[in-house]
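Numbering (the working numbering), first residue to last: 7 to 230.
Here it is, written out as structure tokens:
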């Protein structure tokens with residue numbers, strides 16, 4: 007996510023320069039050339055080599071300056087890492103189910119649970135409408151985590167903008183996305199693929215906690 011923000015800031019810098027330059031040129035031209043009729047100041051000049059070089063080379067240089075950081079980010083996004091934690095998420099109409107395949111309970115069953123939106127009537131003071139869920143995804147901070155996403159019925163999309171995650175969920179197909187959280191906190195997202203009448207009722211809540219709290223949460227899940 008930090009790489010995406012850095013790329014965005016770099017591109018915005020170049021866009022701001024372009025916007026300022028074009029606006030300045032338009033203002034100067036409007037104020038300078040006020041003639042109602044076309045005035046030919048150079049009758050036999052049909053092109054200007056210098057200005058043509060400038061408006062050809064300058065955009066090319068700007069595109070190169072934007073492209074190289076983009077290529078680096080694309081490479082980093084496709085980088086294969088060995089995750090310490092894998093979480094399987096499956097989209098349903100209209101809720102998410104999660105499974106921690108690396109951990110089992112006393113009955114030798116994977117830790118898994120469903121995550122539904124909290125109805126507006128049941129929201130506590132200070133919680134977010136249309137984003138709060140009854141069961142959050144708990145992950146430890148400073149840990150490489152991989153989300154493996156699929157769907158049980160129609161196409162969904164596992165999207166958490168604050169983490170830079172947007173992973174399409176197709177029935178019968180597995181897609182993946184990896185995160186590494188540097189700090190604790192709660193990150194909200196939603197299904198970003200129109201999947202039916204209650205499409206807006208599929209929020210995602212990912213909570214990053216310390217490793218100690220994560221292990222305590224795992225112990226509680228294993229005892230259930």
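C-beta: ideal position from N, C-alpha, C; glycine also. The structure presented is a predicted model; accordingly, all values stated were derived computationally and were not measured.
Discussion item. From the DSSP secondary-structure annotation, give me the bridge partner or partners of residue 144.
Written reply: Mapped onto the chain shown, residue 144 falls at position 138. 213, per the DSSP bridge assignment.
Worksheet item: How about residue 116 and residue 101: do their beta carbons lie closer than 9 Å?
Response: Looking up residue 116 in the chain shown gives position 110. Looking up residue 101 in the chain shown gives position 95. Result no, Cβ atoms of residue 116 and residue 101 do not sit closer than 9 Å.
Discussion item. Short of 6 Å in beta carbon distance, which residues of its chain neighbour residue 142, apart from the five on each side in sequence? Order them along the chain.
Written reply: Taking the first residue of the chain shown as position 1, residue 142 is located at position 136. Counting only Cβ-Cβ distances below 6 Å, and skipping sequence neighbours, we find 211, 213.
Worksheet item: If we ignore side chains and look at the alpha-carbon of each, how far apart do residue 99 and residue 76 end up?
Response: One-based indexing of the chain shown puts residue 99 at position 93. One-based indexing of the chain shown puts residue 76 at position 70. Taking the CA atoms as reference points, residue 99 sits about 36 Å from residue 76.
Discussion item. For residue 130, report the span of its alpha helix (DSSP H) as first-last.
Written reply: Along the chain shown, one-based indexing puts residue 130 at 124. Per DSSP, residue 130 lies in no alpha helix (DSSP H) segment and is marked neither H nor E.
Worksheet item: If you draw a straight line from the alpha carbon of residue 81 to that of residue 96, how long is it in whole angstroms?
Response: Your numbering for residue 81 matches position 75 in the chain shown. Your numbering for residue 96 matches position 90 in the chain shown. Spanning the two alpha carbons is a distance of roughly 27 Å.
Discussion item. As a quick exercise: from 19, 94, 218, pick the residue whose alpha carbon is nearest that of residue 181.
Written reply: Your numbering for residue 181 matches position 175 in the chain shown. Nearest C-alpha to residue 181 among 19, 94, 218: 94.
Fill in: Anticipated Cβ contact below 8 Å, residue 229 with residue 146, distance rounded
Taking the first residue of the chain shown as position 1, residue 229 is located at position 223. Taking the first residue of the chain shown as position 1, residue 146 is located at position 140. Not a contact, Cβ separation roughly 19 Å.
Worksheet item: Would you call residue 151 buried or exposed, if buried means 16 or more other Cβ atoms sit within 10 Å of its Cβ?
Response: Counting from 1 along the chain shown, the entry for residue 151 is found at position 145. It is buried - the Cβ of residue 151 has at least 16 other Cβ atoms within 10 Å.
Fill in: Proximity winner among 148, 31, 71, relative to residue 218 (alpha-carbon distances)
Position 212 of the chain shown, counted from the start, is the residue given in the question as residue 218. Closest by C-alpha distance to residue 218, out of 148, 31, 71, is 148.
Fill in: contact_flag[the region 118 to 129, the region 56 to 67] where n(CB pairs < 8 Å) is 3 or more
With contact defined as three or more Cβ pairs closer than 8 Å, the region 118 to 129 and the region 56 to 67 are not in contact.
Worksheet item: From the DSSP output, which residues share a beta bridge with residue 110?
Response: On the chain shown, residue 110 is found 104 positions in, with the first residue counted as 1. Looking at the DSSP assignment, residue 110 forms a beta bridge with 116.
Fill in: Own chain partners of residue 17 with C-beta closer than 8 Å, once the 5 adjacent residues on each side are dropped
Translated into the one-based positions of the chain shown, residue 17 becomes position 11. Within the same chain, residue 17 has close Cβ partners 72.
Worksheet item: What are the start and end residues of the alpha helix (DSSP H) that includes residue 34?
Response: One-based indexing of the chain shown puts residue 34 at position 28. 8 to 38 is the span of the alpha helix (DSSP H), which, as asked, contains residue 34.
Fill in: Candidates 15, 25, 193, 164: closest to residue 103 by CA position
Taking the chain shown and counting its residues from 1, one reaches residue 103 at position 97. Closest in C-alpha terms to residue 103, from the list 15, 25, 193, 164, comes 164.
Discussion item. Taking DSSP's pairing of strands, which residues face residue 96 in a bridge?
Written reply: Here residue 96 is taken as the residue at index 90 of the chain shown, counted from 1. DSSP output for residue 96 lists 103, 156 as bridge partner(s).
Worksheet item: Assuming residue 173 contacts residue 153 under a Cβ cut-off of 8 Å, what Cβ separation, rounded to an integer in Å, is found between them?
Response: In the chain shown, the residue the question calls residue 173 occupies position 167. In the chain shown, the residue the question calls residue 153 occupies position 147. Their Cβ separation, rounded to whole angstroms, is 7 Å, which keeps residue 173 and residue 153 in contact under 8 Å.
Discussion item. By DSSP's criteria, residue 184 is part of a beta bridge. Which residues make up the other side?
Written reply: The count along the chain shown starts at 1 and reaches residue 184 at position 178. For residue 184, which the question treats as bridged, DSSP gives the partners 152.
Practice prompt. Check whether the Cβ atoms of residue 160 and residue 202 lie closer than 9 Å to each other.
Written response: In the chain shown, counting from the first residue as 1, residue 160 sits at position 154. In the chain shown, counting from the first residue as 1, residue 202 sits at position 196. Yes; because the gap between Cβ atoms is below 9 Å, this pair is in contact.
Discussion item. Within 10 Å of its beta-carbon, does residue 138 have 16 or more other beta-carbons around it, so buried, or fewer, so exposed?
Written reply: Sequence index remark: in the chain shown, residue 138 carries index 132 (1-based). Flag for residue 138 reads buried.
Discussion item. What residue range does the beta strand (DSSP E) around residue 202 cover?
Written reply: Position 196 of the chain shown, counted from the first residue, corresponds to residue 202. Element bounds for residue 202: n/a, residue is neither H nor E.
Discussion item. I need the DSSP call for residue 193, collapsed to helix, strand or coil.
Written reply: The residue labelled residue 193 in the question sits at position 187 within the chain shown. For residue 193, the secondary structure class from DSSP, reduced to helix, strand or coil, is strand.
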